[in-house]
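Numbering (this note's numbering), first residue to last: 1255 to 1503.
Here's the structure we're looking at; comments come further down.
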């Protein structure tokens, strides 16, 4: 099974005349300020384009809001997805059928050192040790933070679930008391860190980018089972089985 991560950078490349988003979604965005409205519609158009490419669905299906507040398809037979924003980049992660997805993106060095220190306060000793062992402190903090946010999006906890999650990056493992079986992959690019949290059955992650001319560019495929998938890429898998799961120490 495969999941799909697509992003675009800069101004949304799709004009309103060519959008595959229902009119009621466009109307609902009118209450937002200009910048938020643009990002809101761009993310949903990006999702619509991905649904067309993967499933041949020509218009964005009806959306609703989950109990955790994140958007999802009203038809529960359709796949899970996750949306993230970072600077002028918009990303959408589409899970394989029957799976779950959590996406987060962060700009490297977007936060002050004081903010970076604050982000590390509630981390485990193993997470802090891994960060301190890396050559680039700010990039390492951003990777751990992005990994955490993507997993918490998948579990539906957001920041309230920080104590239910522990990462063991040196060992390539993670532990969640809410969803015991998760895998996540995180990559640090020169200016952007992204992380995709996925169900364990996902074998491959397809990475795409859309440019201003609406051209799809395949960036690369990530084979989730491979131990070494990039020099600055972290892949974490669940640490224990469900019956062994307890509260993290």
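Quick reminder that beta carbons are idealized off the backbone N, C-alpha and C, glycines included.
| residue 1406 and residue 1259 closer than 9 Å at C-beta | no
| Outcome for residue 1470 when other beta-carbon atoms lying within 10 angstroms are tallied against a minimum of 16 | exposed
| said: Please report the straight-line C-alpha distance between residue 1511 and residue 1297, rounded to a whole angstrom. | reply: Coverage of the chain is limited to positions 1255 through 1503, which leaves residue 1511 absent and any answer about it impossible.
| field | Sub-9 Å separation of residue 1431 and residue 1256 beta-carbons | value | no
| Among 1284, 1479 and 1304, which one has its Cα closest to the Cα of residue 1295? | 1284
| field | residue 1228: first and last residue of the uninterrupted alpha helix (DSSP H) it sits in | value | Any answer about residue 1228 is impossible in this case: the structure gives the chain only from 1255 up to 1503.
| task | Consult DSSP for residue 1431 and reduce its assignment to one of helix, strand or coil. | result | coil
| query | Just the Cα atoms here: how many angstroms apart are residue 1263 and residue 1383? | reply | 33 Å
| query | What residues match up with residue 1491 in a beta bridge as DSSP calls it? | reply | 1427 and 1437
| query | For the 8 Å Cβ check, are there 3 or more pairs between the region 1444–1453 and the region 1339–1359? | reply | yes
| query | Roughly how many angstroms lie between the CA atoms of residue 1375 and residue 1359, to the nearest whole one? | reply | 21 Å
| query | Using DSSP with H/G/I as helix, E/B as strand and the rest coil, what is residue 1359? | reply | strand
| query | Considering only residues of the region 1322–1395, which uninterrupted beta strand (DSSP E) runs meet the minimum length of 3 residues and lie entirely inside it, listed in chain order? | reply | 1325–1327, 1335–1340, 1343–1348 and 1355–1361
| Smallest Cα separation from residue 1446: which of 1340, 1464 and 1404? | 1340
| Run of the alpha helix (DSSP H) containing residue 1278, from where it starts to where it stops | 1277–1282
| According to DSSP, is residue 1318 helix, strand or coil? | strand
| query | What residue range is occupied by the uninterrupted beta strand (DSSP E) comprising residue 1453? | reply | Looking at the DSSP string, residue 1453 is not in any beta strand (DSSP E), and its letter there is neither H nor E.
| task | Give the single residue among 1392, 1476 and 1381 whose Cα lies nearest to the Cα of residue 1368. | result | 1392
| message | In whole angstroms, give me the CA-to-CA distance for residue 1290 and residue 1370. | response | 26 Å
| request: Consult DSSP for residue 1285 and reduce its assignment to one of helix, strand or coil. | output: helix
| task | Quickly, what does DSSP pair residue 1257 with across the bridge? List them, please. | result | 1459
| Of the residues 1448, 1444, 1361 and 1420, which one's Cα is nearest the Cα of residue 1436? | 1420
| query | Sorted by chain position, which residues of the same chain lie with C-beta nearer than 6 Å to residue 1307's C-beta, five sequence neighbours on each side aside? | reply | none
| task | Would you check if the distance between the CB atom of residue 1332 and the CB atom of residue 1338 is smaller than 9 Å? | result | no
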